[in-house]
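Student: Quick one: the structure is below, questions incoming.
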Amino acid sequence: MLSMLAQDYMINALIGSVILSITAPILGMFVVSRRISLIGDTLSHFAFAGVAIGVFTSFFPFLTAITFSIFASLLLLKLMQSNTLNSDAVLAVFFSSTMAIGTVLLSLSEQIVNINEILFGSLLWITRTDLMYQGIVGLSIIAITIFSYNKWFLISIDRDLSRINNTNVNFYDNLLLVLTSVLIVVSVRMVGVLLISSLLVLPILIALQITNNFRNTIFIAIGISLFCSLLGVTSSYYLSTHPSIIPPGGLIVIILSAVFAVILLKNNLKLDNRFESNF
Amino acid sequence: MTKILELEGINVIRDKNLVLDNVSLSIEDTDFLGLLGPSGSGKTTLLKIICGLITPDTGKIKFPQRTKPKIGYLPQKIPFLPNSPATVMEIISTGFNSKPFTDNKDKVIAISKEMAIDHLLYQKITELSGGHTQLVFLIRALIGEPDMIVLDEPSSSIDTKTQSKIFQILTNVNAKNIPIVFTSHDTFAVTNSANRIACINKKLDYHGSSKDFLSNKHLAESYGYNVDVVSHHGHD
């Protein structure tokens, strides 16, 4: 354990995973309860296209990713709210088209890019600057959630009740999506485009199986996320054999999925037993 | 008597169909207004216009007191996420529309005791029966001290004993000059509780006191056939 903590990159990885484990479930709770769990995947594809735009134009990929993700997520929400198309159809269109834009731009780029790093992340190579961005975004998410909690909670139950309470529902929807987009952009380097949405959704789905109220679901999900992330990063350090490195993001998602499967199985067995004892 | 809200010549068209046809109606602070009409007659649309959830295609909504009243609203149906973890306490607390960190627990417990659902406060809303869920949202509509209460079928999933209790509570609230507007398919509940009645079938067929209404002519006009008002067992 001490040898791991003697490495600077491991300290960065552990700090990064702690910040992500605290912030992702906070937004994830409102995303899941709004029945838009798949939106995380689409937003992560926006980040991919945004990075590709930056690489192609040789302009800061981080800035292009943030800007593209914010504008694309606002457009996505506008289309989802209109009655022109079903929400899932809008998500499907954006999901594939932004991935296509990213792939084409990266192939046209003169720079050599490690596409695996964007897709699967590299928690072990994150820098102090990445941690600073993550920290700023994380603190902003916590502060905004404290002041928006009641609004987001009521919107997740019924939009009409929120409107009658004089809540600007569109503003709070946009706020949730913009914050999620920004969190995804600053976290993509750590866990990658393909895995980031799991960290938004899986801890919440696990917590929903064992929780007794809405607020506690968030705290339980943060606890689960912290445990699985730290275990994933530590396992990655000890299981990787030089020169091949097991991506910590992948291990974190495997551990989260295993915990989810075990709890779901246990709860279903309980239900079956209760059902049988009634006969 | 003070006018709280006035609707003038309201028309609503959806998919080329006329949902509301030139409806004019005013609501005063003493009104306990029951909206009657067959299914698809535009009752819910009219309630949503009163709440500001639907903008009419033509017509005017006026607030004679110059300020939009704070409305306590009970929707007809709440579509819950199957595994929503929200508890009854959390749902009722949203009725306050208060700032973060405000503790309204004591007030929630007090009104829940009055409605005999205090034992359900820490249960998940998805584990409740249809009647109890409706009761929770009714309490939520009442708890924020609204200027006006709008209820879409408040008694549809509730037993007659709880129904009488709800209407008694609503009568007490109305006595404080808080207008109540509600829809129901239970003609007896409407005529028994409301002091004014509006009968609607796209057009407003009747708007007046419940005493005058009881000549069945108005009901027959709206429903298209003769309707008799018969007392339920359990009502006075």
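Respectively, the protein sequence lines represent chains A and B. So in our numbering, spot 96 of the first sequence is number 96, and the numbers just go up one at a time. So in our numbering, spot 236 of the second sequence is number 236, and the numbers just go up one at a time. Every residue gets a Cβ at the ideal spot worked out from N, C-alpha and C, and that includes glycine.
1. Which value, in whole angstroms, describes the spacing of the CA atoms of D186 of chain B and I49 of chain B?
2. Cutting at 7 Å between CB atoms, please list the residues of its own chain near M115 of chain B, excluding the five before and the five after it.
3. By DSSP, does S184 of chain B sit in helix, in strand, or in coil?
4. Can you tell me which residues form a DSSP beta bridge with M148 of chain B?
5. Below 8 Å on the Cβ atoms is my contact criterion, and I expect I101 of chain A with A49 of chain A to pass it. Report the Cβ-Cβ distance as a whole number of Å.
6. Could you confirm whether any beta carbon from chain B is found closer than 8 Å to the beta carbon of S229 of chain A?
7. If you follow the beta strand (DSSP E) that L195 of chain A is in, where does it begin and where does it stop?
8. Buried or exposed: which applies to H233 of chain B, given that a residue is buried once 16 or more other Cβ atoms fall within 10 Å of its Cβ?
9. Measure how close the beta-carbons of S41 of chain B and I200 of chain B come, nearest whole angstrom, since I'm counting them as under 8 Å.
10. Taking H132 of chain B as the reference, give the member of B:I109, B:N22, B:V88 and B:S193 with the closest Cα.
11. What distance in whole Å lies between the Cβ atoms of S198 of chain A and L256 of chain A, which are believed to be in contact at a cut-off of 8 Å?
12. Could you give the distance in angstroms between the alpha-carbon of F219 of chain A and the alpha-carbon of I142 of chain A?
13. Any Cβ of chain B within less than 8 Å of the Cβ of I184 of chain A?
14. Look at the alpha carbon of F182 of chain B and the alpha carbon of L91 of chain A, and state the distance between them as a whole number of angstroms.
15. Can you tell me where the alpha helix (DSSP H) holding D118 of chain B begins and where it ends?
16. With a threshold of 8 Å between beta-carbons, can K91 of chain B be considered close to chain A, or not?
17. List, from N- to C-terminal side, the alpha helix (DSSP H) runs of 4 residues or more that fit wholly inside the segment 72-131 of chain A.
18. Cβ of I71 of chain B less than 8 Å from any chain A Cβ?
19. Using the three-state DSSP reduction, which class does S209 of chain B fall into: helix, strand or coil?
20. Considering Cα atoms alone, identify which of B:D21, B:K62, B:D31 and B:T30 is closest to T45 of chain B.
21. Whose CA, out of A:S229, A:T67 and A:V178, lies closest to the CA of V31 of chain A?
22. Buried or exposed: Y238 of chain A, going by 16 or more other Cβ atoms within 10 Å of its Cβ?
Tutor: In brief:
1. Numbered from 1 along the second sequence, position 186 holds the residue referred to as residue 186 of chain B. Numbered from 1 along the second sequence, position 49 holds the residue referred to as residue 49 of chain B. Their Cα atoms are separated by approximately 22 Å.
2. For the purposes of this step, residue 115 of chain B is taken as residue 115 along the second sequence, with counting starting at 1. Here the set comprises L135 and I139.
3. On the second sequence, residue 184 of chain B is found 184 positions in, with the first residue counted as 1. Reduced to three states, the DSSP call for S184 of chain B is coil.
4. Translated into positions along the second sequence, residue 148 of chain B becomes position 148. Partner(s): B:I71.
5. As a first step, residue 101 of chain A is located in the first sequence; it is residue number 101 there, counting from the start. As a first step, residue 49 of chain A is located in the first sequence; it is residue number 49 there, counting from the start. Yes, they are in contact, since the Cβ atoms of I101 of chain A and A49 of chain A sit about 5 Å apart, within 8 Å.
6. Walking along the first sequence from the start, residue 229 of chain A turns up at place 229. No, its Cβ sits nowhere closer than 8 Å to a Cβ of chain B.
7. Walking along the first sequence from the start, residue 195 of chain A turns up at place 195. Counting along the chain, L195 of chain A falls outside any beta strand (DSSP E), and DSSP gives it neither H nor E.
8. Against the second sequence, residue 233 of chain B aligns to sequence position 233. Per-residue confidence for H233 of chain B stands at a pLDDT of 48, beneath the threshold of 50, marking its modelled position as unreliable; no derived number is given.
9. By 1-based counting over the second sequence, the position of residue 41 of chain B is 41. By 1-based counting over the second sequence, the position of residue 200 of chain B is 200. The pair is a contact, with the Cβ atoms about 5 Å apart (cut-off 8 Å).
10. As a position in the second sequence, residue 132 of chain B is number 132, starting the count at 1. For the residues B:I109, B:N22, B:V88 and B:S193, the minimum Cα distance to H132 of chain B belongs to B:V88.
11. In the first sequence, residue 256 of chain A corresponds to position 256, counting from 1. In the first sequence, residue 198 of chain A corresponds to position 198, counting from 1. Between S198 of chain A and L256 of chain A the Cβ distance is about 6 Å, and since that is below 8 Å, they are a contact.
12. As a working mapping, residue 219 of chain A is identified with position 219 in the first sequence. As a working mapping, residue 142 of chain A is identified with position 142 in the first sequence. Computed Cα separation, rounded: 12 Å.
13. If you number the first sequence from 1, residue 184 of chain A lands on position 184. Not closer than 8 Å to any Cβ of chain B, the Cβ of I184 of chain A fails to qualify, so no.
14. Within the second sequence, numbered from 1, the residue matching residue 182 of chain B stands at position 182. Within the first sequence, numbered from 1, the residue matching residue 91 of chain A stands at position 91. Answer to the nearest angstrom: the Cα atoms are 39 Å apart.
15. On the second sequence, residue 118 of chain B is found 118 positions in, with the first residue counted as 1. Taken as a continuous stretch (DSSP letters only), D118 of chain B belongs to no alpha helix (DSSP H), as it is neither H nor E.
16. Looking up residue 91 of chain B in the second sequence gives position 91. Here residue 91 of chain B turns out to be Ile, not Lys, going by the sequence shown. So yes, I91 of chain B belongs to the interface.
17. 87-108 and 115-120
18. Mapped onto the second sequence, residue 71 of chain B falls at position 71. Chain A contact via Cβ: present.
19. Within the second sequence, residue 209 of chain B is the residue found at index 209, counting from 1. Residue state, collapsed to three classes: strand.
20. For this step, residue 45 of chain B is matched to residue 45 along the second sequence. Closest option to T45 of chain B, Cα to Cα, is B:D21.
21. For the purposes of this step, residue 31 of chain A is identified with residue 31 of the first sequence, where counting begins at 1. Closest option to V31 of chain A, Cα to Cα, is A:V178.
22. On the first sequence, position 238 is the one that residue 238 of chain A refers to. Burial call: exposed.
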